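Notes follow once the structure below has been shown.
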Amino acid sequence: MIIKSYAKSIHIEAMEQLLKRLSFEHPLYPKIVKDIGAIRAGDFGEEIVFRELEKMQLPYKYYVFHKVFLFAENGFEMDILIITPYGAIILEVKNIIGELVFTENPSQLLQQKETELNKYPCPAGQLNEYKYQLSQFLLEYNISIPIYGAVVFASRNSIVKVSTDKATILNRNEVRPYLRRLQNLNPTLTIEDIEKLKDILLIKNTSNTYSPLINQFSIKAEDLKKGVECLNCGLIGMQKRKRTWYCAACGKSDHTAHMKAISTYFLLCNDFITNKECREFLLLNNRHEAKRILSNTSLTRVGNNKLTRYTK
Ligand SMILES: [Zn+2]
1412 MIIKSYAKSI HIEAMEQLLK RLSFEHPLYP KIVKDIGAIR AGDFGEEIVF
1462 RELEKMQLPY KYYVFHKVFL FAENGFEMDI LIITPYGAII LEVKNIIGEL
1512 VFTENPSQLL QQKETELNKY PCPAGQLNEY KYQLSQFLLE YNISIPIYGA
1562 VVFASRNSIV KVSTDKATIL NRNEVRPYLR RLQNLNPTLT IEDIEKLKDI
1612 LLIKNTSNTY SPLINQFSIK AEDLKKGVEC LNCGLIGMQK RKRTWYCAAC
1662 GKSDHTAHMK AISTYFLLCN DFITNKECRE FLLLNNRHEA KRILSNTSLT
1712 RVGNNKLTRY TK
């Protein structure tokens, strides 16, 4: 049963917002475009594999989670986690096409695509690290269970020329048979154990690890285009009118358009926003208007007077 459904990563939304607010001439523009392509491909791969799992009917009780972020020695995020009576299974999904070669010493994955040769961190190494981190996480709850895992190539155009013995490597159509084969093992978790583990994972999974993008990319706040985006035509810079926002490009009015701009501010700029920052980002010239807008959101107000700021 699916307990945590497929959802696009917040990261892709943030990156798309960043791109919209950068000028074409910005030196990082081509890199952001390339990164978005890679994240989209990764998300797409996870979605394809997840849809396979949605269709499956396994002959034992199980829970499937998409994207679980936990803290053990450090934060770690598993693409897909499945809890079964036989243990936990981590699937590390890769959507990398072309001819693929796993190397040792150093461990990496080489991709030959047409004339291009690209290098990636070894997904088998990543998977083994997640297995270790998950075992450490579970130890805190006195849970010791077998942890299995596989690297799954999502695309039919992934051709593994040289594999590795450091992890199980599967094509996506092998995932369901792989999971069915678990029945040959001795079950180590009772139904109660599975329920307890599911609850712990749901409670401890966090997505609050997002840090605003301009810090990650060392982009100056002043390099971002300011203003409220028109959700109808995409123009950034709607005009504030009485009780609404007006788009001079397409003529649409939208009285809630600032909500999206404020959430974009959190994705790109900072974990909190002050009245001054709100005026600058939304292009408002009236501090009372900014206060009214910030007070009418679901944001939490912290501090008083000049130190007042709002957090999510
Ligand atoms: Zn418009």
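Here the numbering used here runs 1411 ahead of the position in the sequence shown, where the first position is 1. We treat Cβ as the ideally placed atom computed from N, Cα and C, and that holds for glycine. Predicted, not measured: the structure shown is a model, and the values here were computed from it.
Val-1563 has its alpha-carbon roughly 13 Å from the corresponding atom of Pro-1588. Not one heavy atom of ligand 1 is found less than 8 Å from the C-beta of Lys-1609. Contact check between the region 1455 to 1470 and the region 1428 to 1442: fewer than three CB pairs, one atom from each, fall below 8 Å, which does not count as touching. Assignment of beta-bridge partners to Ala-1499 by DSSP yields Ile-1494 and Ile-1558. Partner residues in a beta bridge of Leu-1678, as assigned by DSSP, do not exist. Segment contact: the region 1438 to 1447 against the region 1553 to 1571, fewer than three CB-CB distances shorter than 8 Å; contact not assigned. Around the beta carbon of Ala-1660, a 10 Å sphere encloses fewer than 16 other beta carbons of the protein chains shown; the residue is thus reported as exposed. With a minimum length of 3 residues, the unbroken runs of beta strand (DSSP E) contained wholly in the region 1599 to 1662 fall at 1650 to 1652 and 1655 to 1657. If you look at Gly-1509, you'll find it in the beta strand (DSSP E) that goes 1509 to 1514. Proximity to Leu-1635 across Lys-1431, Lys-1419 and Ile-1414 peaks at Lys-1431, based on C-alpha coordinates. Each of Gly-1448, Tyr-1474, Glu-1488 and Leu-1464 was checked against the Cα of Asn-1616, and the nearest Cα belongs to Glu-1488. Taken from the Cβ of Met-1649, at least one heavy atom of ligand 1 lies inside 8 Å. A check of alpha carbon separations from Leu-1695 across Ile-1491, Lys-1637, Phe-1683 and Glu-1457 identifies Lys-1637 as the nearest.
Residue burial annotation: Thr-1495 is buried, with at least 16 other C-beta atoms found within 10 angstroms of its C-beta. Shortest gap from the CB of Ala-1660 to any heavy atom of ligand 1: under 8 Å. Excluding residues up to 5 positions away in sequence, Gly-1638, Val-1639, Glu-1640, Phe-1692 and Leu-1693 lie with their Cβ nearer than 8 Å to the Cβ of Ala-1672 in the same chain. Taken from the Cβ of Lys-1542, every heavy atom of ligand 1 lies 8 Å or farther away. Counting every other CB atom within 10 Å of its CB across the protein chains shown gives Pro-1534 a total of 16 or more, marking it as buried. In the DSSP assignment, Phe-1683 falls within the unbroken beta strand (DSSP E) covering 1683 to 1685. Bridge partners of Glu-1527 according to DSSP: Lys-1524.
Taking 8 Å as the upper bound for CB-CB distance, Ile-1447 and Ile-1423 are in contact here, some 7 Å apart.
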